[in-house]
Amino acid sequence: MTATAAERRLIEHVDRIEAEQPPIPLDTVDFTVLRPDVLRERFGATLDYLARVELEVDRNVLELNAMLPDPPEIDVRFYREVWHAQEIQHGLILDKLQTIVGRPPTSPDTESVSAKMRILGAISHFSPIQDITRMLYYLTGMSTERSAVLAYNKLHAGMADIGEKAIADTVVAPIRRQEPPHYAFYKLSAVGLASRLSPWQAWLVRRLRMLSWGPVGANNTEQKADFGGVLTTLGMRDNLADFGEEISRVERDLLFEKKRGLAVPSYVTDALREAIVLHDARSNRLHGS
Ligand SMILES: [Fe+2]
Ligand SMILES: [Fe+2]
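Under the working numbering, the first residue of the sequence shown is numbered 3, with each subsequent residue one higher.
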């Protein structure tokens, strides 16, 4: 596929998302909760985590503005005009739900762009570096969106299990439906760019992923433990390898082509395991065992 054909495909994809999936209108959501205590006990912390991550897209846009001095037009359109509005609405809906069941609203960090991002942005004025930064953005986008779909699948089943049908059908299902097209955007972008990276660029992308990979929304020890809690609540801790495989398969194939078919990159499994260990240590501390 020529670069132009690939670009056209991306533009069509974004057009389609925009036309077919507007941000979820609030009046389509039925916030009826039959047993607020049960929902809060079971999924409260998970709702908070998901709401926070969704609302932090405000910061993600600032990060992208700082990291990519000269991004492709379609990227800017996607993240400023399409993706951002959808994700914010996911966050607002989930956050409202957690307040309905008696929890405080989440406290997202919507402003702090790290020094690391700013440095990346500064050196990205040199265009071969910007390609590396873009690749990191697409890879992060893929693992984030895939994680979201898996989490919402489990959350949907969990809400149905505890009998909260309105929440499963009008909160979780519509949100879940909007995540796969985001994943597809990043995948199309990553596959297109990967074929144009030189060996040194690809090498650097691999090194940077090894050094910096983390689960979505887990930017400090506390948040890593929170993520371990989400994996535990959603029943994914016993299948960590499967979860890791799902969220990193394309990344592995693009970055470690010679090892195609081999295991999940160890930086993914290690980070997931660390989240579980931190979560367990924290709950042991809280429960005094
Ligand atoms: Fe979302
Ligand atoms: Fe998304």
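No residue lacks a Cβ here, since even glycine has one placed at the ideal position from N, Cα and C.
Just so it is clear, the structure is predicted and the values come from calculations on it, not from any experiment.
1) Cβ atoms of Thr135 and Ser126: under 8 Å apart, would you say?
2) Note the first and the last residue of the continuous alpha helix (DSSP H) segment covering Val35.
3) State buried or exposed for His92, treating a residue as buried only when at least 16 other CB atoms are found within 10 Å of its CB.
4) Where do the N-terminal and C-terminal ends of the alpha helix (DSSP H) with Asp72 fall, by residue?
5) Can at least three beta-carbon pairs, one atom from the segment 47-66 and one from the segment 103-119, be found at a separation below 8 Å?
6) Buried or exposed: Phe80, going by 16 or more other Cβ atoms within 10 Å of its Cβ?
7) Contact check, Gly104 vs Arg148 under 8 Å by CB: the rounded distance?
8) Counting along the chain, where does the alpha helix (DSSP H) carrying Pro130 start and finish?
9) Could you compute how far the alpha carbon of Arg11 sits from the alpha carbon of Pro106?
10) Identify whether Val279 lies in helix, strand or coil by the three-state DSSP scheme.
11) Pick helix, strand or coil for Arg287, following the three-state DSSP scheme.
12) Which one of Pro267, Val279, Ala243 and Pro73 has the shortest CA to CA distance from Leu213?
13) To the nearest angstrom, how far is it from the Cα of Met3 to the Cα of Asn286?
14) Quick one: is the Cβ of Gln150 within less than 7 Å of any heavy atom of ligand 2?
15) Is Lys118 buried or exposed, if buried means 16 or more other CB atoms sit within 10 Å of its CB?
16) Using 10 angstroms around the beta-carbon of Phe245, count the other beta-carbons present and answer buried if the total reaches 16, otherwise exposed.
17) Please name the residue in Asn222, Met137, Gly231 and Ser250 whose C-alpha comes closest to that of Pro74.
18) In angstroms, rounded to a whole number, what distance separates the CA positions of Lys189 and Gly290?
19) Is the Cβ-Cβ distance between Val232 and Ala153 less than 8 Å?
20) Ile177 and Ile76 - do their beta-carbons sit closer together than 8 Å?
21) Applying the 10 Å Cβ sphere with the 16-neighbour rule, what's the burial state of Asp29?
22) Specify the secondary structure class of Thr223 as computed by DSSP and reduced to three states.
23) When burial is assigned at 16 or more other CB atoms within 10 Å of the CB, is Val259 buried or exposed?
24) Is the separation between the beta-carbon of Pro71 and that of Gly123 shorter than 8 Å?
25) Given Leu235, which residues of its chain have a CB within under 6 Å of its CB, disregarding the five upstream and five downstream residues?
26) Just curious, the alpha helix (DSSP H) that Met212 is in, first and last residue?
27) Does the beta-carbon distance from Val84 to Val16 come in below 8 Å?
The relevant details are as follows:
1) Within the sequence shown, the letter at position 124 stands for residue 126. Within the sequence shown, the letter at position 133 stands for residue 135. In this structure, Thr135 lies closer than 8 Å to Ser126 by Cβ.
2) Position 33 of the sequence shown, counting from 1, holds the residue named residue 35. Unbroken run through Val35: none, as it is neither H nor E.
3) Along the sequence shown, read from residue 1 onward, the residue named residue 92 stands at position 90. Buried, because 16 or more other Cβ atoms sit within 10 Å of the Cβ of His92.
4) Indexing the sequence shown from 1 puts residue 72 at position 70. From DSSP, Asp72 is part of no alpha helix (DSSP H); its letter is neither H nor E.
5) yes
6) By 1-based counting over the sequence shown, the position of residue 80 is 78. It counts as buried.
7) For the purposes of this step, residue 104 is taken as the residue at position 102 of the sequence shown. For the purposes of this step, residue 148 is taken as the residue at position 146 of the sequence shown. In fact, because the Cβ distance is near 31 Å, the residues do not count as touching under 8 Å.
8) As a position in the sequence shown, residue 130 is number 128, starting the count at 1. Boundaries of the alpha helix (DSSP H) harbouring Pro130: Ser129 to Asp163, taken from the DSSP string.
9) Position 9 of the sequence shown, counted from the start, is the residue given in the question as residue 11. Position 104 of the sequence shown, counted from the start, is the residue given in the question as residue 106. Computed Cα separation, rounded: 42 Å.
10) Position 277 of the sequence shown, counted from the first residue, corresponds to residue 279. Looking at Val279 - three-state DSSP - the assignment turns out to be helix.
11) Here residue 287 is taken as the residue at index 285 of the sequence shown, counted from 1. In this structure, Arg287 counts as helix in the three-state DSSP scheme.
12) Here residue 213 is taken as the residue at index 211 of the sequence shown, counted from 1. Relative to Leu213, the option among Pro267, Val279, Ala243 and Pro73 whose CA is nearest is Pro267.
13) As a working note, residue 3 is residue 1 in the sequence shown. As a working note, residue 286 is residue 284 in the sequence shown. The pLDDT assigned to Met3 is 48, lower than 50, so where the model puts this residue is not dependable, and the model offers no usable value.
14) By 1-based counting over the sequence shown, the position of residue 150 is 148. The sequence given here places Ala at residue 150; Gln does not occur at that position. Ala150 Cβ: within cutoff of ligand 2.
15) Here the question's residue 118 lines up with position 116 in the sequence shown. Per the 10 Å Cβ criterion, exposed.
16) Stepping through the sequence shown from its first residue, residue 245 is reached at position 243. Its Cβ being crowded by 16 or more others within 10 Å, Phe245 is buried.
17) Sequence index remark: in the sequence shown, residue 74 carries index 72 (1-based). That would be Met137, whose Cα lies nearest to the Cα of Pro74.
18) The residue you call residue 189 lines up with position 187 of the sequence shown. The residue you call residue 290 lines up with position 288 of the sequence shown. Taking the straight line joining both Cα atoms gives about 45 Å.
19) The residue labelled residue 232 in the question sits at position 230 within the sequence shown. The residue labelled residue 153 in the question sits at position 151 within the sequence shown. Contact flag set, yes.
20) Your numbering for residue 76 matches position 74 in the sequence shown. Your numbering for residue 177 matches position 175 in the sequence shown. No.
21) Residue 29 sits at position 27 when you count from the first residue of the sequence shown. Classification for Asp29: exposed.
22) Counting from one through the sequence shown, the residue named residue 223 turns up at place 221. Note: Thr223 maps to helix in three-state DSSP.
23) Position 257 of the sequence shown, counting from 1, holds the residue named residue 259. It is worth fixing the name first, because residue 259 is Glu in this sequence and not Val. So Glu259 ends up on the exposed side.
24) Here residue 71 refers to the residue found at position 69 of the sequence shown. Here residue 123 refers to the residue found at position 121 of the sequence shown. Yes, these two residues count as a Cβ contact at 8 Å.
25) Taking the first residue of the sequence shown as 1, we reach residue 235 at position 233. In the sequence as displayed, the identity of residue 235 is Thr instead of Leu. Thr48.
26) Translated into positions along the sequence shown, residue 212 becomes position 210. Element bounds for Met212: Pro201 to Ser214.
27) For the purposes of this step, residue 84 is taken as the residue at position 82 of the sequence shown. For the purposes of this step, residue 16 is taken as the residue at position 14 of the sequence shown. Yes; because the gap between Cβ atoms is below 8 Å, this pair is in contact.
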